[in-house]
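> Residue numbers (our numbering), protein chains in the order written: chain A, 1 to 225; chain B, 226 to 450.
The structure is given below, and queries will be raised subsequently.
There are 2 protein chains.
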Amino acid sequence: MTAKIHPIKRDAPAAPRAELVEEQVRAAIHKGLYKPGERIRESQVAEWLGVSRTPVREALRRLESEGLLSFKSWRGVVVAELDRQQVIELYAMRAILEGAAAGLAARHIGEAELHVLERLLSRADGFLAQPDRLAEVNRTFHQAIHSAAHNRYLMETLNGLRNSLALLQGTTFSIAGRAESAQDEHRAILAAIKARDSDAAELAARRHIQAAERTRLAMLFAMDG
Amino acid sequence: MTAKIHPIKRDAPAAPRAELVEEQVRAAIHKGLYKPGERIRESQVAEWLGVSRTPVREALRRLESEGLLSFKSWRGVVVAELDRQQVIELYAMRAILEGAAAGLAARHIGEAELHVLERLLSRADGFLAQPDRLAEVNRTFHQAIHSAAHNRYLMETLNGLRNSLALLQGTTFSIAGRAESAQDEHRAILAAIKARDSDAAELAARRHIQAAERTRLAMLFAMDG
DNA sequence: TCTGTCGAGATTGTATACACTTGAGCACGA
DNA sequence: TCGTGCTCAAGTGTATACAATCTCGACAGA
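Encoded structure:
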């Protein structure tokens, strides 16, 4: 808040409608309101959010270049679907980038950021039985590591990967025992970062993602039958 | 009239104008027709390409989410500018990902792909004195490696990085001696891939990018004075 | 001369109108 | 009954019209 030097109150933050639409649609996809493979009609979204099709189209175009949607000429947009191969490739990318982020964090992290990581790690202990809450805390934990790597492109790319993986419903923490192992893996990552051991941090992070991948693929197998 | 049934020739490929605009503007930025920091007016682009502002806006929105443009509310778009820190971060990302791609290629590449790499490498020998042509061949060489890694997300991300780095004018091959060292480095990468030595390939690729970074930063220093 | 306020023009943001493509349903005939 | 072709509604792609906001310069007052 820039204080009240000017009596000018910005009641309308003048947030472009297109950005609003983008956030709402992304949130809807993450929440599973729109399911993978489902078609999205521009006019339906426009009516839902009370805007015209113009900002809707701009928002959808951007969501498409993020990989969340898929355009087909004259046939509209559909929520992207991930086949098994894509999931594998996404996790491979995550392993590379989470590893790199952890390695960089081990070198560049500051005391304050380290403290945040420790608090988040212990906070997660309280949610071992609540998959959704745990997933949220852990997401913050990972983001804190990404941020500690001090490379905005790395952070952005990891963000995009997370977005894409959000197309998969549910969380791996609902699998028995996964929450506890994940917590162990997180402890190993943090310990390596704290010890400023870049190689160990990278390795621990890669292992962590690979373990998550195994669980996720098992979940997919279970669904496919 | 749906006319003849068989020789379906789509005279008008029905290429959405927005895609056309996107390509044209991207090309213009790469060619330096639009320079970093320069403002782009929607109506000017619309007139230039003979379309209305609607597809132009969609194209610009997508180019922005690629990082090539930067939006400011009600102030239009400007071509993104890279400060020294951003260049460093971009090269750090490239080192990570080119390394990963080379490592994966060493494991997954097929004989045909290997052959393509060898041909590209020897083709480059003929362009050591033509920086622009050399840059083009070398870009193809790198893309072939990315492709051989068989991970579409890795390839896409590397593509995005290349796009962003295209904001820097000129090529590092115009620096005396750089073309020859780059060629040496490429040979080292290919040798490691051919030997199926994943670790060596990753290391060689990282070194290559780091060498390119040093040259690039020296060029920036020279420009800044 | 300097400072701050207030338009006018320019430019972006949004809505609406229109053109083009697609695909599903229906009528018709074999 | 099944195929075939046609019509037309639904929905996307594009253009145009209008509203909101910013920039920049002129001008009044100190």
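Idealized CB from N, CA, C, for every residue including glycine.
#1: Strictly under 8 Å for the Cβ-Cβ distance: is Asn384/B near chain A by that measure?
#2: According to the Cβ coordinates, are Leu82/A and Leu167/A closer than 8 Å?
#3: Suppose you measure from the CA of Gly37/A to the CA of Arg403/B; what does that come to, to the nearest Å?
#4: Among Glu89/A, Arg62/A, Asp184/A, which has the Cα closest to the Cα of Arg377/B?
#5: CB of Glu23/A to nearest heavy atom of the ligand SAM: below 7 Å?
#6: Spell out the partners DSSP gives Lys297/B in its beta bridges.
#7: If the cut is a Cβ gap below 8 Å, which residues of chain A does Glu241/B touch?
#8: Could you give the DSSP three-state label for Ala254/B: helix, strand or coil?
#9: When Cβ atoms are compared, which residues of the stretch 86-120 of chain A fall closer than 7 Å to chain B?
#10: Can you give me the start and stop residues for the alpha helix (DSSP H) that Ile418/B sits inside?
#11: Using 8 Å as the limit for Cβ to Cβ distance, is Asn227/A near chain B?
#12: Hey, is Gly69/A's beta-carbon within less than 8 Å of any beta-carbon in chain B?
#13: At a Cβ cut of 8 Å, what residues of the stretch 423-443 of chain B count as close to chain A, listed as they run along the chain?
#14: Do we get a CB-CB distance below 8 Å when we pair Arg178/A with the residues of chain B?
#15: Within the 8 Å Cβ cut-off, does Leu379/B reach chain A?
#16: With H, G and I counted as helix, E and B as strand and the rest as coil, what does DSSP make of Ile265/B?
#17: Let me know the secondary structure DSSP gives Asp83/A once reduced to three states.
#18: Where in the stretch 339-399 of chain B do unbroken runs of the alpha helix (DSSP H), each at least 4 residues long, occur, reported from the N-terminal end onward?
#19: With Val281/B as the anchor, note down where its alpha helix (DSSP H) starts and where it stops.
#20: How many angstroms separate the CA atom of Val362/B from the CA atom of Ala252/B?
#21: Using CA coordinates, which residue listed in Gly160/A, Leu20/A, Asp184/A, Tyr91/A is at the minimum distance from Ser65/A?
#22: Counting pairs of Cβ atoms below 8 Å between the stretch 440-449 of chain B and the stretch 331-338 of chain B, do you hit three or more?
#23: Can you give me the C-alpha to C-alpha distance between Arg230/A and Arg57/A, rounded to a whole angstrom?
#24: Drop a sphere of 10 angstroms on the beta-carbon of Phe446/B, count the other beta-carbons inside from all chains shown, and report buried for 16 or more, exposed for fewer.
#25: Under the rule that 16 or more other beta-carbon atoms within 10 Å means buried, what is Ala240/B, buried or exposed?
#26: Taking Glu66/A as the query, report the chain B residues whose CB atoms sit under 8 Å from its CB, ordered along the chain.
#27: Classify Arg62/A: buried if its beta carbon has 16 or more other beta carbons within 10 angstroms, exposed otherwise.
#28: According to DSSP, is Ile434/B helix, strand or coil?
#29: Any contact of the stretch 343-355 of chain B with the stretch 404-413 of chain B, i.e. 3+ C-beta pairs under 8 Å?
#30: For Thr157/A versus Thr382/B, is the C-beta spacing smaller than 8 Å?
#31: Could you name the residues of the same chain whose beta carbon sits closer than 6 Å to that of His367/B, not counting the 5 residues immediately before and after it, in chain order?
#32: Three-state secondary structure (DSSP) at Ile109/A?
#33: Counting only C-beta atoms, is Glu248/B closer than 8 Å to chain A at any point?
#34: Taking Cβ positions only, does Arg62/A come closer than 8 Å to chain B?
The structure says:
#1: For this step, residue 384/B is matched to residue 159 along the second sequence. Not one chain A Cβ lies under 8 Å of Asn384/B.
#2: Here residue 82/A refers to the residue found at position 82 of the first sequence. Here residue 167/A refers to the residue found at position 167 of the first sequence. Result yes, Cβ atoms of Leu82/A and Leu167/A sit closer than 8 Å.
#3: In the first sequence, the residue the question calls residue 37/A occupies position 37. In the second sequence, the residue the question calls residue 403/B occupies position 178. The alpha-carbon atoms of Gly37/A and Arg403/B are separated by roughly 49 Å.
#4: Locating residue 377/B in the second sequence gives position 152, counting from the first residue. It is Glu89/A.
#5: The model depicted lacks the ligand SAM and carries no ligand whatsoever.
#6: Looking up residue 297/B in the second sequence gives position 72. Gly301/B, per the DSSP bridge assignment.
#7: Locating residue 241/B in the second sequence gives position 16, counting from the first residue. The sequence shown places Pro at residue 241/B, rather than the Glu named in the question. In chain order: Ser73.
#8: Residue numbering aside, residue 254/B sits at position 29 when the second sequence is read from its first letter. Reading the sequence as shown, one finds Ile at residue 254/B and not Ala. Here Ile254/B sits in helix by DSSP.
#9: Glu89, Leu90, Ala92, Met93, Ile96, Ala100
#10: Here residue 418/B refers to the residue found at position 193 when the second sequence is read from its first residue. Element bounds for Ile418/B: 403-419.
#11: Since the first residue shown for chain A is 1 and the last is 225, residue 227/A is missing from the structure and cannot be characterised.
#12: Here residue 69/A refers to the residue found at position 69 when the first sequence is read from its first residue. First, the amino acid is wrong: residue 69/A is Leu here, not Gly. So no, Leu69/A is outside the interface.
#13: none
#14: As a first step, residue 178/A is located in the first sequence; it is residue number 178 there, counting from the start. Answer no: the Cβ-Cβ gap between Arg178/A and chain B never drops below 8 Å.
#15: Residue numbering aside, residue 379/B sits at position 154 when the second sequence is read from its first letter. Yes, its Cβ sits closer than 8 Å to a Cβ of chain A.
#16: On the second sequence, position 40 is the one that residue 265/B refers to. Correct three-state label for Ile265/B: strand.
#17: To locate residue 83/A, count along the first sequence from 1; it is residue 83. Coil, per DSSP.
#18: 356-373, 377-390
#19: Position 56 of the second sequence, counted from the start, is the residue given in the question as residue 281/B. From DSSP, the alpha helix (DSSP H) with Val281/B extends over 278-290.
#20: Walking along the second sequence from the start, residue 362/B turns up at place 137. Walking along the second sequence from the start, residue 252/B turns up at place 27. Between Val362/B and Ala252/B, the C-alpha separation is close to 18 Å.
#21: The sequence position of residue 65/A within the first sequence is 65, counting from 1. Cα-wise, what sits closest to Ser65/A is Gly160/A.
#22: no
#23: Nothing about residue 230/A can be read from this structure; chain A reaches only from 1 to 225.
#24: Along the second sequence, one-based indexing puts residue 446/B at 221. So Phe446/B counts as exposed.
#25: Your numbering for residue 240/B matches position 15 in the second sequence. Flag for Ala240/B reads exposed.
#26: To locate residue 66/A, count along the first sequence from 1; it is residue 66. Simply Ser290.
#27: Locating residue 62/A in the first sequence gives position 62, counting from the first residue. Buried: at least 16 other Cβ atoms inside 10 Å.
#28: Locating residue 434/B in the second sequence gives position 209, where the first residue counts as 1. If DSSP states are grouped into helix, strand and coil, Ile434/B belongs with the helices.
#29: yes
#30: The residue you call residue 157/A lines up with position 157 of the first sequence. The residue you call residue 382/B lines up with position 157 of the second sequence. Yes; because the gap between Cβ atoms is below 8 Å, this pair is in contact.
#31: Locating residue 367/B in the second sequence gives position 142, counting from the first residue. Answer for His367/B: no residue qualifies.
#32: Along the first sequence, read from residue 1 onward, the residue named residue 109/A stands at position 109. Correct three-state label for Ile109/A: coil.
#33: By one-based count along the second sequence, residue 248/B stands at place 23. Chain A, which has no Cβ nearer than 8 Å to the Cβ of Glu248/B, makes this no.
#34: Counting from 1 along the first sequence, the entry for residue 62/A is found at position 62. Closer than 8 Å to some Cβ of chain B, the Cβ of Arg62/A qualifies, so yes.
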